[in-house]
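Notes follow the structure.
Protein chains: 2
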Amino acid sequence: MKVTITDIAQAAGLSPATVSLVLNNRPSRISESTKNKVKALAQEMGYHPSFAAVNLRTSRSYTLGLVIPDIRNDYYATYAKGLEDVCQEMNWSMILCTTNQHPLREKQYIEALYAKNIDGVAIVTTPSSADDSIYDSNRELLLSMKVPIVQTDLTNYREPINAVVCDHEKGGYIATLHLLSLGHRKIAFITGPSGLEAAQSRLEGCKRAFHKYNLKWDDDLVYEGDYTYESGLNGIDYLCDREFTAVFALNDLMAYGVYNGLSKYNLSVPEDVSVVGYDDHFLSAILTVPLTTVRQPVYEMGKEAARILIHAAEHPDAKPVITTFDLKLILRKSTRKID
Amino acid sequence: MKVTITDIAQAAGLSPATVSLVLNNRPSRISESTKNKVKALAQEMGYHPSFAAVNLRTSRSYTLGLVIPDIRNDYYATYAKGLEDVCQEMNWSMILCTTNQHPLREKQYIEALYAKNIDGVAIVTTPSSADDSIYDSNRELLLSMKVPIVQTDLTNYREPINAVVCDHEKGGYIATLHLLSLGHRKIAFITGPSGLEAAQSRLEGCKRAFHKYNLKWDDDLVYEGDYTYESGLNGIDYLCDREFTAVFALNDLMAYGVYNGLSKYNLSVPEDVSVVGYDDHFLSAILTVPLTTVRQPVYEMGKEAARILIHAAEHPDAKPVITTFDLKLILRKSTRKID
DNA sequence: TAAAGTTGACAAAAGGTTTTACCATGTGTT
DNA sequence: AACACATGGTAAAACCTTTTGTCAACTTTA
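Residue numbers (the numbering used here), protein chains in the order written: chain A, 18 to 356; chain B, 18 to 356.
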C-alpha cells in the first residue's frame, strides 16, 4: 500500500540501510550517484516516511503540545497561531490541549502527551492562587518527563525553566504614565488576580509611575478583578461612588466591561472618563470608541516558544532561555487630556 | 526507562502476548486470576502503552486532524473547542492545522496528516470562487487516503460525504422575517462570497421571506461582502445614497463594520437603522448596542464532527452521515419596530 | 484406556525505520 | 608479494505492540 524504504531499496538494488542513510543525509560514505538515484526514486515513488516507525525507533515525534486554558480567548488563539506557524515551517505538528481551567484535565493531557513521545510542550496555564498544588504537581510531572517545556509570563519557578515573558512592569508603567501626562490624578485600577505574577508586575509598574510623579498611591481606587468582562462591570459598580477621571483596566476584556459599566452610569468615554486597556485585543480597534491599550506581541511570543522548544529538542543540553518581549502603548480614542 | 509490556510480563512470569491480550480486553481464554494479576501490575508499575508502537502495529493513531483557515476567528475556535472536548472525552488527540487560507499550506498539512496515520479529519475550509482547483485536488487527495472526513456547511460534493451543516436557508429566512414583521420594507443585505454554498442558502432564505410577504426583491440593496469587518464598512459606503431602514449583515463581523459605517454617516442603531447579524459572536452581546443575530450552534457542530469521525474510524464501512443543526434568532437591541 | 475436547498460555512474525559494527573490494606502500 | 588503508555499502538488532496459529496439560467421553 504505502511505499516504504524497503520498496525503494528493492527498486534501486540497494539495502534499506543505504536508503535510510541517504534520505536522512547521514554522514556516511555513499557515492553521489547512488545518493541521487535514491533521492530520485523516493520522489518518484511518492515516499513518505512512516511517522509511527520513526517515532518508535527514535522516540521522537516532531510534535509540540500546547496547553492553554481556552482557545476561544483571542490571547491564547494568537499564541497558538504563532506556535503553529513555526511548527508548520519546520514540518512539525502541534497538538492542542485546552484545559478549560481544569487542573485534572491538564494532568490527563500531560500524561497523554507523554505517551506520544512529545518533543516539547508550551504551557500557558499558570497556577494562580487557587488549586496551586495540583498545578504544581502537574509541572512536576512535566519536568520529570524530561521534556523541554516553555512557560509564559512565569519566571519565578523553583528551577530555571524556558519562558517567554513580557516586561509587564513596564507595561503598567507606560500606560499609567500616559494617563498622568494627560493630567489625570484620580486614576482607578482594575487589576488581575493578585496571585498571578504578571498581574502583580503590572500593578507595580503603575505604582512606579505614581512614584515618579511624586503622587500618593490610593489603594481605595484599586479593584481586584479576574480578567473577565464581568469583573470590569463590577469594578465600575465598586468605583461608582468614588471620585476618578480615568480607569486603567489591566486587560481589554475588563475594559469592555468598564465601557458598559460607565454607560450604565451615563458617563461617556473619553469625555467623562478616560479608559486604558491592556492586550490590544483585535476588537479594541473596532469599538465605537477605539480603546487605548498596551499591546502584547502575543503572536511573536508563540513563535518564540516554538523556536525555543524545537531548539531544545534538538540540543538536549541547551540551557534554559528566557525571552523578554517589549510592550507598546497604542494610543486611540478612549483617553483625553483633562481640562 | 519507560515500562513496557515485556516488563510486566517478566514481573508476572507471563508472556508479552498474554499481557497485551489482557490489557486490551481481547476475547481470549485467560483465567480471571492472571487477568487480575496483570492489571494490578500494570497499574502499579505505571504502564502506559507506547503510542508509536501501537500506531505502527495497528496503523491507528487515535488522533483527529482539524483543518481550518484561522484559529483566531471565534467561529473556528469554537468549533475546535467542540471537537477537542469530545476527543479528550474519548482519549483521542487533535492536531491543529491552520491554513491561513493558503491552499498549498492545506496540502502540506494533509500530507503530514497522512504520514501520521490520522484516523479522521474535520475540514472546515471551503472552496470558494477563487483557487477552487487546488482546494478540489486537496479534497481528492484526502478522499484517496481513505480517511474519514467531515465537512462543514458543504453538502453538494461530488460523492456522499460526512458533514455537519446548519439550515442556513432557514437562518436567512427567520432573520428577514423578523425585520419584515417589525415593519421594515427597505432592507439592505450585506452577503458573504457568492461562491460559498452556505452564503447562497442564507440569501435564498431572505428572498423566501420577501416572497412570503409578497414583496419585490431589490438587488440594488444587496452588497456582496466577504465576511470581513471591512466589507461591512464598505457595504455602508455602497449603500449610503440609497434608501433603507434596516441592514441584514450575513455575519456578525460585517455587522460590526455596519455599526461603525453607520455612525460615520451619523445614523444610529436602532433609532435610524435596524441591524441584524449572523453567528452570535460572543461580543455581540457585549456591544453598547447589543446585536440581534442568528445563532449557530458551532460548539455542538464541532462535537458532532468529532463523534462522526470517531465512529467512522471504528466502523470502517459506516455510511456517510449529514447532521443538520437548527438556527435560532437571538433578539437584542439593534432592531426596532418601524414607526 | 484411548480418543476427543477444553483450558490457559505462548512463540513468533509483522509493522517501518535507524544505527552500529562489520565486510568485501580496490588502491597505494614498502 | 604482503600489507595497510580507503571506499562503498550491508546485515542485523532494536524500538514495542498486536495477533494468529500452536502447544501442552487436563478433563471428559466412549
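Idealized CB from N, CA, C, for every residue including glycine.
Is residue i near residue j, with beta carbons less than 8 Å apart?
i         : j         : result
B:Ser-351 : B:Val-306 : yes
A:Ala-330 : A:Val-103 : no
B:Leu-279 : B:Ile-253 : yes
B:Asp-236 : B:Arg-259 : no
B:Ala-69  : A:Asn-41  : no
B:Gly-222 : B:Tyr-190 : yes
B:Ala-215 : B:Gly-249 : no
B:Glu-247 : B:Gly-274 : yes
B:Leu-73  : B:Ile-25  : no
B:Leu-100 : B:Met-111 : yes
B:Val-141 : B:Thr-341 : no
A:Gly-242 : A:Ile-207 : yes
B:Leu-348 : B:Thr-309 : yes
B:Pro-120 : B:Tyr-152 : yes
B:Gly-82  : B:Val-39  : no
A:His-359 : A:Arg-219 : In this structure chain A extends from 18 to 356, so residue 359 of chain A is not present and cannot be described.
B:Asp-297 : B:Gln-313 : yes
B:Ala-132 : A:Ser-37  : no
B:Thr-360 : B:His-201 : No statement about residue 360 of chain B is possible, as the shown extent of chain B runs from 18 to 356 and does not include it.
A:Ile-355 : A:Asn-179 : no
A:Tyr-240 : A:Cys-257 : no
B:Leu-113 : A:Ala-97  : yes
In three-state DSSP terms, what is residue i?
i         : result
A:Ile-22  : helix
B:Met-162 : coil
B:Gln-60  : helix
B:Arg-324 : helix
B:Thr-80  : strand
B:Thr-193 : helix
B:Ser-301 : helix
A:Val-275 : helix
A:Lys-345 : strand
A:Ala-147 : Reliability fails at A:Ala-147, whose pLDDT of 49 lies under 50, so the model's placement of it is uncertain and the value that follows must be treated cautiously. In this structure, A:Ala-147 counts as coil in the three-state DSSP scheme.
B:Ser-32  : coil
A:Cys-183 : strand
A:Thr-95  : helix
A:Gln-27  : helix
B:Gly-200 : coil
B:Ser-351 : coil
A:Val-167 : strand
A:Ile-253 : helix
A:Phe-261 : coil
B:Arg-89  : coil
B:Thr-142 : coil
A:Ser-37  : helix
A:Asp-356 : coil
Considering just the uninterrupted stretch of the beta strand (DSSP E) at residue i, what are its terminal residues?
i         : result
B:Val-292 : 291 to 296
B:Ile-207 : 204 to 208
A:Val-306 : Per DSSP, A:Val-306 belongs to no beta strand (DSSP E) and is neither H nor E.
Starting from residue i, follow the alpha helix (DSSP H) in both directions and report where the run begins and ends.
i         : result
B:Ala-335 : Per DSSP, B:Ala-335 belongs to no alpha helix (DSSP H) and is neither H nor E.
B:Val-71  : 68 to 75
With a threshold of 7 Å (Cβ to nearest heavy atom), would residue i be considered close to the ligand ATP?
i         : result
A:His-332 : Questions concerning the ligand ATP fall outside what the structure shown contains, since it holds no ligand whatsoever.
My parser needs the beta strand (DSSP E) runs of 3 or more residues fully inside the segment 213 to 249 of chain A; what are they? Runs found: 239 to 241.
Quick check: the segment 154 to 165 of chain A against the segment 313 to 321 of chain A, are at least 3 beta-carbon pairs closer than 8 Å? No: fewer than three Cβ pairs fall under 8 Å.
What runs of the beta strand (DSSP E), each 3 residues or longer, lie entirely inside the segment 99 to 134 of chain B? 110 to 115
Specify whether the segment 286 to 301 of chain B and the segment 82 to 89 of chain B touch according to this definition: at least 3 beta carbon pairs, one from each stretch, less than 8 Å apart. no
Inter-stretch contact (C-beta, 8 Å, three-pair minimum) for the segment 75 to 87 of chain A and the segment 42 to 52 of chain A: no
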